[in-house]
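Visitor: Protein chains in written order, with this note's numbering: chain A, 508 to 754; chain B, 2 to 244.
All C-beta atoms in this analysis are idealised placements derived from N, C-alpha and C, irrespective of residue type, glycine included.
These numbers were taken from a predicted model, which means no experiment stands behind them.
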Amino acid sequence: MRYNHRYHQIVHGTPKHRRLHLTSFFVLAGTLVILMALFRVPLNQRALLLGFAVSLFRVSVAYIISLALALLFGILAVSHEKVEAILIPFLDVAQSFPSYALLPLLVLYFGRTSVAVIVILVVAMIWPILFNVIAGIKEQRQDQSEAATLFGATGWRYLIYYRWPMLRPAIITGSIISWGQAWDTIVGAEIIAAAGGAGYYLGQLSETGHTSLLGLAIVFYLLLIFCLNQVIWLPLLHHYTKYQAES
Amino acid sequence: MSLKLHNIGKYFVEDGHHHQVLDSINLEVKNGEFLCLMGPSGCGKSTLLRLIAGLIDASVGGVTDPPARVGFVFQNFALMPWLSVYENIAFGLRMRSLDENEIHQAVTKQIHEVGLAGLQHRRPKELSGGQKQRVGLARALAIDPDVLLLDEPFSALDTYTAAELREDLLRIWQSTGKTIIMVTHLSTEAAELGDRIVVLSTRPGQVVSIIENNLPRPRPTRDAGFFALVDRLDQLIRPTGRH
Chain A
508 MRYNHRYHQI VHGTPKHRRL HLTSFFVLAG TLVILMALFR VPLNQRALLL GFAVSLFRVS
568 VAYIISLALA LLFGILAVSH EKVEAILIPF LDVAQSFPSY ALLPLLVLYF GRTSVAVIVI
628 LVVAMIWPIL FNVIAGIKEQ RQDQSEAATL FGATGWRYLI YYRWPMLRPA IITGSIISWG
688 QAWDTIVGAE IIAAAGGAGY YLGQLSETGH TSLLGLAIVF YLLLIFCLNQ VIWLPLLHHY
748 TKYQAES
Chain B
2 MSLKLHNIGK YFVEDGHHHQ VLDSINLEVK NGEFLCLMGP SGCGKSTLLR LIAGLIDASV
62 GGVTDPPARV GFVFQNFALM PWLSVYENIA FGLRMRSLDE NEIHQAVTKQ IHEVGLAGLQ
122 HRRPKELSGG QKQRVGLARA LAIDPDVLLL DEPFSALDTY TAAELREDLL RIWQSTGKTI
182 IMVTHLSTEA AELGDRIVVL STRPGQVVSI IENNLPRPRP TRDAGFFALV DRLDQLIRPT
242 GRH
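1) Within its chain, find whatever has a CB closer than 8 Å to the CB of Arg-167 (chain B); leave out the 5 residues flanking it on each side and keep chain order.
2) My parser needs the alpha helix (DSSP H) runs of 4 or more residues fully inside the stretch 46-80 of chain B; what are they?
3) In chain A, what lies closer than 7 Å to Ala-139 (chain B) by C-beta?
4) Leaving out five residues before and five after Phe-228 (chain B) in sequence, what residues of the same chain have Cβ atoms less than 6 Å from its Cβ?
5) How big is the Cα-Cα spacing for Ile-644 (chain A) and Trp-690 (chain A)?
6) Where Asp-147 (chain B) and His-19 (chain B) are concerned, what is the direct C-alpha to C-alpha distance, given to the nearest angstrom?
7) Please list the segments of the beta strand (DSSP E) lying wholly inside the stretch 132-205 of chain B, counting only runs of 3 or more residues, in order along the chain.
8) List the residues of chain A that Asn-77 (chain B) touches, going by C-beta distances under 7 Å, in chain order.
9) For Phe-638 (chain A), which of helix, strand or coil comes out of DSSP?
10) Given Met-81 (chain B), which residues of its chain have a CB within under 7 Å of its CB, disregarding the five upstream and five downstream residues?
11) Decide if the stretch 176-184 of chain B is in contact with the stretch 9-29 of chain B; the criterion is three or more beta carbon pairs, one per stretch, under 8 Å apart.
12) Taking the alpha-carbon positions, what's the Asn-551 (chain A) to Gly-710 (chain A) distance?
13) Let me know the secondary structure DSSP gives Val-209 (chain B) once reduced to three states.
14) With distance defined between alpha-carbon atoms, name the residue in A:Phe-559, A:Leu-735, A:Pro-676, A:His-745 nearest to Phe-638 (chain A).
15) Can you tell me where the beta strand (DSSP E) with Val-115 (chain B) in it begins and where it stops?
16) Could you say if the stretch 697-706 of chain A and the stretch 584-598 of chain A meet the contact criterion of at least three C-beta pairs nearer than 8 Å?
17) Since I believe Ser-606 (chain A) is in contact with Ala-642 (chain A) (beta carbons under 8 Å), could you give me their beta-carbon distance rounded to a whole number of angstroms?
18) Starting from Phe-92 (chain B), find everything on chain A with Cβ-Cβ shorter than 7 Å and list it in chain order.
19) Which of the three DSSP states, helix, strand or coil, is assigned to Ser-25 (chain B)?
20) Would you mind telling me which residues of chain A sit closer than 7 Å to Val-71 (chain B), beta carbon to beta carbon, in chain order?
21) Which residue wins for smallest C-alpha separation from Leu-594 (chain A), given the options A:Ala-660, A:Ala-577, A:Leu-610?
22) For Arg-664 (chain A), go through chain B and note every residue whose CB falls closer than 8 Å to its CB, in chain order.
23) Cβ of Val-200 (chain B) within 9 Å of Cβ of Met-39 (chain B)?
24) Are the C-beta of Pro-742 (chain A) and some C-beta of chain D separated by less than 9 Å?
25) Nearest chain A C-beta to Ala-254 (chain B) closer than 9 Å, yes or no?
26) Can the beta-carbon of Met-183 (chain B) be found less than 9 Å from the beta-carbon of Phe-35 (chain B)?
27) If you drop the 5 nearest sequence neighbours on each side, which residues of the same chain put their C-beta closer than 6 Å to that of Gln-751 (chain A)?
28) Just to confirm the assignment: which complete beta strand (DSSP E) runs, minimum length 3, are found wholly within the stretch 641-684 of chain A?
29) Ignore the nearest five residues each way along the sequence and tell me which others in Ser-129 (chain B)'s own chain have a CB closer than 6 Å to its CB.
30) Are the stretch 57-70 of chain B and the stretch 6-20 of chain B touching, with three or more C-beta to C-beta distances below 8 Å?
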């Protein structure tokens, strides 16, 4: 749960951490303004936003698939000792597989489409959620699980009323890392697959030598990603980890 | 209806080795009785309690007429940290798909019964140890159990809080007439609460002695009879005292 620790520190941390968030936001926003002023180049706002929207859509779809698969494999992996003995080493090796190596094959199969990019994203996004889910289940308190079972949470009720709420902090922590990986991956994937999106837009700016525009676009995307984290992920993490420890 | 444990044996397999925890446990728990289970550390007291609760199966023998509804109070509370006090108490009722009115009535009754009024919206993290165990007790009682099982329920609490909770438990037992089986490692606690005290041997746990506690209630915890019983229990639990 090393990821958990890191994000706990940030979210629940000292006012110094919170100041860091604000500072980084203003630094990014300031950089954008200064760049715009320096280069006096109007951004193609439509292409910029459309690129981001396409990428955001792909990451969102890939995230939903990754989350579902991570929950399925995570719960399966620790469901039985024998399954765990086979599945965990396999997953451990599989996570080190370079996702970009699959891209040519995927483009060949799916063409220059969103599907190829989404598959690559799933390969990159699934691991932090999966291993957080596994760690979350392994770290669960036996007596809490027994209490849930004993008071009637069996079968699907156990999953809905116990396992899901118990795993929420681990899932959200994994998701934050996963989205970070996704932004990292999607730029490369969209450039290589030439399938549109923010990465493709950045790649084109780079190829055509619009360095100033490229700088602006990167800072603009960083701001949007920063805002997504601030508005969605960190409040979610804060909300679900606030009371998670019993004492 | 009484609860009968018939020739119960339990072993676990670890690294290919059999570890026997319980051996030939025969016991009848009378309806409405307060039974205390004692024994040296690791003798299988908690395993026996989990076996009665149906959380684990016996390797040999079993429970005749197992109770349909079991309330369980855990040593370390085992509350759901994401739920409020109210929702923790309601947990077992929600799993039984009762309607909201019934749940509200049952939970409100228990909140007042165990002295948690005004705390229903708090989360476990915001409660003291004693308050948490009151929630644990209320959760167990809310389902109107046939048998109430308590696994060293006061051992994580300070002396004064434990004494308060013991008093509350006695009051609740006397007013509801529930069958209670409580695991404890304290002779004084067993002597104060139990109608009968079952003493188990070191692993594998076997019944060494079943002591009828005929001291009058409320128990005189400072008189000679009480101390004599406590001494007897201590003698039985100490390894040398078994011979």
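Guide: Taking the coordinates as given:
1) Shown here for Arg-167 (chain B): same chain residues with a beta carbon closer than 8 Å to its own, the five before and five after excluded, namely Phe-155, Glu-190, Glu-193, Leu-194 in chain order.
2) Runs found: 46-54.
3) Taking the beta carbon of Ala-139 (chain B) as reference, no residue of chain A falls within 7 Å; the closest one sits roughly 12 Å away.
4) Within its own chain, no residue has a Cβ closer than 6 Å to the Cβ of Phe-228 (chain B) once the five positions on either side in sequence are excluded.
5) Roughly 27 Å separates the two Cα atoms.
6) Their backbone Cα atoms lie some 33 Å apart in a straight line.
7) For the stretch 132-205 of chain B, whole beta strand (DSSP E) runs of length 3 or above, ordered along the chain, are 148-152, 180-184, 197-201.
8) Proximity of chain A to Asn-77 (chain B) at the Cβ level (cut-off 7 Å) is accounted for by Asp-650, in chain order.
9) Note: Phe-638 (chain A) maps to helix in three-state DSSP.
10) Cβ neighbours of Met-81 (chain B) within its own chain (closer than 7 Å, five residues either side excluded): Asn-89, Phe-92.
11) As far as the Cβ criterion goes, the stretch 176-184 of chain B does not touch the stretch 9-29 of chain B, which means the pair count is below three.
12) Each residue's Cα considered, the two are about 15 Å apart.
13) If DSSP states are grouped into helix, strand and coil, Val-209 (chain B) belongs with the strands.
14) Ranked by Cα distance from Phe-638 (chain A), the options A:Phe-559, A:Leu-735, A:Pro-676, A:His-745 are led by A:Pro-676.
15) First-last for Val-115 (chain B): undefined, no H or E at that position.
16) With a cut-off of 8 Å, the stretch 584-598 of chain A and the stretch 697-706 of chain A do not count as touching, because too few Cβ pairs lie within range.
17) Incorrect: roughly 22 Å between the Cβ atoms, too far for contact.
18) Within chain A, the residues placing a beta-carbon under 7 Å from that of Phe-92 (chain B) are Phe-658, ordered along the chain.
19) For Ser-25 (chain B), the secondary structure class from DSSP, reduced to helix, strand or coil, is strand.
20) Near Val-71 (chain B) (Cβ distances below 7 Å), the residues of chain A are Leu-657.
21) The option with the nearest alpha carbon to Leu-594 (chain A) is A:Ala-577.
22) For Arg-664 (chain A), the chain B residues whose C-beta falls within less than 8 Å of its own C-beta are Met-96, listed in chain order.
23) Yes, these two residues count as a Cβ contact at 9 Å.
24) In the structure shown, chain D cannot be found, because the protein chains are A and B.
25) No answer is possible for residue 254 (chain B): it lies beyond the span of chain B, which begins at 2 and ends at 244.
26) Yes, these two residues count as a Cβ contact at 9 Å.
27) Cβ within range, chain order: Pro-676.
28) The qualifying runs do not exist here; there are none.
29) Result list for Ser-129 (chain B): empty, nothing under 6 Å.
30) Result yes; three or more Cβ-Cβ pairs closer than 8 Å.
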